[in-house]
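Peer 1:
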Amino acid sequence: MSNRSEVVIRDLVKSVREVLRHHDVTFEEYRAAVGFLMKYAKAPEFEIPLTCDMLFNATVADIEMTHRKGSVSNLEGPYFLESAPTITDRIKTRDEQGEALIIEGRVTDLSGKPVEGAQLYIWHADPQGYYSGYSDDYPVDLYRGKKIIGPTGEFSVRTTMPAPYTIPHDGPSGELLGFMGRHPWRPAHVHFKVRAPGFIELTTQAYFAGDKWLDSDSVEGVRSPLVHAPGIRGDAKLLKKDFVLDPA
Ligand code: DHB
Ligand code: FE
Numbered sequence: 211m212s213n214r215s216e217v218v219i220r221d222l223v224k225s226v227r228e229v230l231r232h233h234d235v236t237f238e239e240y241r242a243a244v245g246f247l248m249k250y251a252k253a254p255e256f257e258i259p260l261t262c263d264m265l266f267n268a269t270v271a272d273i274e275m276t277h278r279k280g281s282v283s284n285l286e287g288p289y290f291l292e293s294a295p296t297i298t299d300r301i302k303t304r305d306e307q308g309e310a311l312i313i314e315g316r317v318t319d320l321s322g323k324p325v326e327g328a329q330l331y332i333w334h335a336d337p338q339g340y341y342s343g344y345s346d347d348y349p350v351d352l353y354r355g356k357k358i359i360g361p362t363g364e365f366s367v368r369t370t371m372p373a374p375y376t377i378p379h380d381g382p383s384g385e386l387l388g389f390m391g392r393h394p395w396r397p398a399h400v401h402f403k404v405r406a407p408g409f410i411e412l413t414t415q416a417y418f419a420g421d422k423w424l425d426s427d428s429v430e431g432v433r434s435p436l437v438h439a440p441g442i443r444g445d446a447k448l449l450k451k452d453f454v455l456d457p458a
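If you read the sequence shown in the working numbering, its first letter stands for residue 211, the second for the next number, and so on.
(1) Restricting to runs no shorter than 3 residues, where is the beta strand (DSSP E) found entirely within the segment 338-418?
(2) For residue 399, count the other beta carbons within 10 Å of its own beta carbon; 16 or more makes it buried, fewer makes it exposed. Which is it?
(3) For ligand 1, any of its heavy atoms closer than 8 Å to the Cβ of residue 288?
(4) Which partner residues of residue 334 appear in the DSSP bridge assignment?
(5) Indicate whether the contact test is met: 3 or more Cβ pairs, each with one atom in the segment 424-440 and one in the segment 259-275, closer than 8 Å.
(6) With a threshold of 7 Å on Cβ separation, who are the neighbours of residue 424 within its own chain once the five nearest residues in sequence on each side are excluded?
(7) So, using beta-carbon positions, are residue 312 and residue 419 closer together than 9 Å?
(8) Any heavy atom of ligand 1 closer than 8 Å to the CB of residue 294?
(9) Which of the three DSSP states is assigned to residue 310 in this structure?
(10) Which whole-angstrom value is the C-beta distance of residue 357 and residue 330, which I expect to be below 8 Å?
(11) Taking C-alpha atoms, which residue in 332, 408 and 439 lies nearest to residue 456?
(12) For a test of your reading of the model: does the CB of residue 263 fall under 8 Å from any non-hydrogen atom of ligand 1? Yes or no.
(13) Quick one: residues in its chain with C-beta nearer than 8 Å to the C-beta of residue 410, no 5 flanking neighbours on either side, listed in chain order?
(14) Measuring from the CB of residue 377, is there a heavy atom of ligand 1 at a distance below 8 Å?
(15) Where residue 260 and residue 389 are concerned, what is the direct C-alpha to C-alpha distance, given to the nearest angstrom?
(16) Could you work out which residue in 287, 332 and 318 is closest to residue 326 when comparing CA atoms only?
(17) List the DSSP bridge partners of residue 441.
(18) In chain order, which continuous runs of the alpha helix (DSSP H) of length 4 or greater are located wholly inside the segment 231-278?
(19) May I have the straight-line CA-CA distance separating residue 377 from residue 422, to the nearest angstrom?
(20) Who pairs with residue 315 in a beta bridge, going by DSSP?
(21) So is residue 370 buried or exposed if we call it buried at 16+ other beta carbons inside 10 Å?
(22) With 16 other CB atoms within 10 Å as the buried threshold, where does residue 480 fall?
(23) What did DSSP end up calling residue 297 once you bin it into helix, strand or coil?
(24) Mind checking residue 401: buried by the 16 CB within 10 Å criterion, or exposed?
(25) By how many angstroms is the C-alpha of residue 391 removed from the C-alpha of residue 289?
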């Protein structure tokens with residue numbers, strides 16, 4: 211383990227030094243960069259993980275996919291909560307708001323056999339682009355749920371369409387995006403996590419075809435197999451999403 215960190219950290223430092231040389235970085239610029247990093251010390255605690263996720267989390271998901279064959283994984287983001295309520299066929303929403311969305315599919319192993327008892331967590335932003343569970347007046351049972359998969363592997367859950375969302379951008383993470391000429395928007399998306407004994411935990415997202423922010427996601431998480439053109443069922447949009455789990 212210490213050998214691995216030695217190798218990886220030495221390479222990381224080497225890459226940064228190459229960038230400094232390549233761009234003829236001056237003392238002044240170097241000090242400005244250190245000064246910028248100092249802002250994280252005074253910022254709220256979430257800023258460091260936010261910046262790391264924004265820059266590197268999707269890459270780690272891509273790396274994972276070079277080692278397994280099941281559904282394409284994607285970044286978890288900062289808003290997963292273990293304490294999501296168990297649901298049957300509905301995620302609790304503020305009913306008067308938002309366009310209905312039905313999410314349905316199957317949870318299987320690589321051979322297509324249902325994974326009975328898998329826990330499927332679903333969470334997403336509300337129609338205003340906010341996540342529940344992070345303030346006293348926004349309880350955790352809204353816009354998230356944990357579905358226990360039955361013997362057929364199939365699930366069908368009704369909720370509402372998430373809205374596009376800006377990552378918090380009034381701190382250093384937002385400033386960093388600005389330095390790179392980027393905006394803080396993420397396309398609308400639904401998060402999923404699937405857990406089952408004997409299988410690798412799958413964390414992924416679904417995006418919607420036609421979304422304005424697909425090509426410029428602030429956290430660069432969009433991957434083409436995760437972009438879905440929703441169908442229509444009655445008054446609802448219909449997102450078909452299957453989850454194929456790799457053996458542990
Ligand atoms: C990030 C990811 C999200 O899905 C989200 O809603 C907000 C932020 C992130 O990786 O920083
Ligand atoms: Fe998100």
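Cβ coordinates follow ideal geometry from the N, Cα and C atoms, glycine included.
Peer 2: Short version:
(1) Segments of the beta strand (DSSP E) lying fully in the segment 338-418: 354-358, 364-370, 399-405 and 412-418.
(2) The residue labelled residue 399 in the question sits at position 189 within the sequence shown. Counting Cβ neighbours within 10 Å, residue 399 comes out buried, since at least 16 surround it.
(3) Within the sequence shown, the letter at position 78 stands for residue 288. Remark: the shortest separation between the CB of residue 288 and any heavy atom of ligand 1 falls under 8 Å.
(4) Locating residue 334 in the sequence shown gives position 124, where the first residue counts as 1. The partner list for residue 334 (beta bridge, DSSP) reads 400.
(5) Judged by Cβ distances under 8 Å, the segment 424-440 makes contact with the segment 259-275, as three or more pairs qualify.
(6) By one-based count along the sequence shown, residue 424 stands at place 214. In its chain, beyond the 5 residues on either side, 397, 417, 432 and 437 have a beta carbon closer than 7 Å to the beta carbon of residue 424.
(7) As a first step, residue 312 must be located in the sequence shown, where it is residue number 102. As a first step, residue 419 must be located in the sequence shown, where it is residue number 209. No; because the gap between Cβ atoms is not below 9 Å, this pair is not in contact.
(8) For the purposes of this step, residue 294 is taken as residue 84 along the sequence shown, with counting starting at 1. Every heavy atom of ligand 1 is 8 Å or more from the Cβ of residue 294, so no.
(9) Your numbering for residue 310 matches position 100 in the sequence shown. Residue 310: strand per DSSP, three-state reduction.
(10) In the sequence shown, residue 357 corresponds to position 147, counting from 1. In the sequence shown, residue 330 corresponds to position 120, counting from 1. Going by Cβ atoms, the distance from residue 357 to residue 330 rounds to 5 Å, so yes, they are a contact pair.
(11) As a working note, residue 456 is residue 246 in the sequence shown. It is 408.
(12) Residue 263 sits at position 53 when you count from the first residue of the sequence shown. Yes.
(13) In the sequence shown, counting from the first residue as 1, residue 410 sits at position 200. If the five residues before and after residue 410 are omitted, its C-beta is found closer than 8 Å to the C-beta atoms of 278, 280, 455, 456, 457 and 458, all from its own chain and listed in chain order.
(14) Position 167 of the sequence shown, counted from the first residue, corresponds to residue 377. Yes - ligand 1 has a heavy atom lying nearer than 8 Å to the Cβ of residue 377.
(15) In the sequence shown, the residue the question calls residue 260 occupies position 50. In the sequence shown, the residue the question calls residue 389 occupies position 179. Using only the alpha carbons, I get a separation of about 16 Å.
(16) Working through the sequence shown from its first residue, we reach residue 326 at position 116. The shortest C-alpha to C-alpha distance from residue 326 to any of 287, 332 and 318 is the one to 318.
(17) In the sequence shown, counting from the first residue as 1, residue 441 sits at position 231. The beta-bridge partner set that DSSP reports for residue 441 consists of 448.
(18) Correct list: 237-252, 257-262 and 268-275.
(19) On the sequence shown, position 167 is the one that residue 377 refers to. On the sequence shown, position 212 is the one that residue 422 refers to. Per the coordinates, the alpha-carbon of residue 377 lies some 16 Å from the alpha-carbon of residue 422.
(20) Locating residue 315 in the sequence shown gives position 105, where the first residue counts as 1. DSSP, once it has assigned bridges, lists 365 as partnering residue 315.
(21) Your numbering for residue 370 matches position 160 in the sequence shown. Buried: at least 16 other Cβ atoms inside 10 Å.
(22) Missing from the structure shown is residue 480; the chain here goes from 211 to 458 and no further.
(23) Taking the sequence shown and counting its residues from 1, one reaches residue 297 at position 87. Three-state DSSP puts residue 297 in a strand.
(24) As a first step, residue 401 must be located in the sequence shown, where it is residue number 191. Residue 401 counts as buried, since no fewer than 16 other beta carbons sit within 10 angstroms of its beta carbon.
(25) Counted from its first residue, the sequence shown places residue 289 at position 79. Counted from its first residue, the sequence shown places residue 391 at position 181. Here the alpha carbons of residue 391 and residue 289 stand approximately 25 Å from one another.
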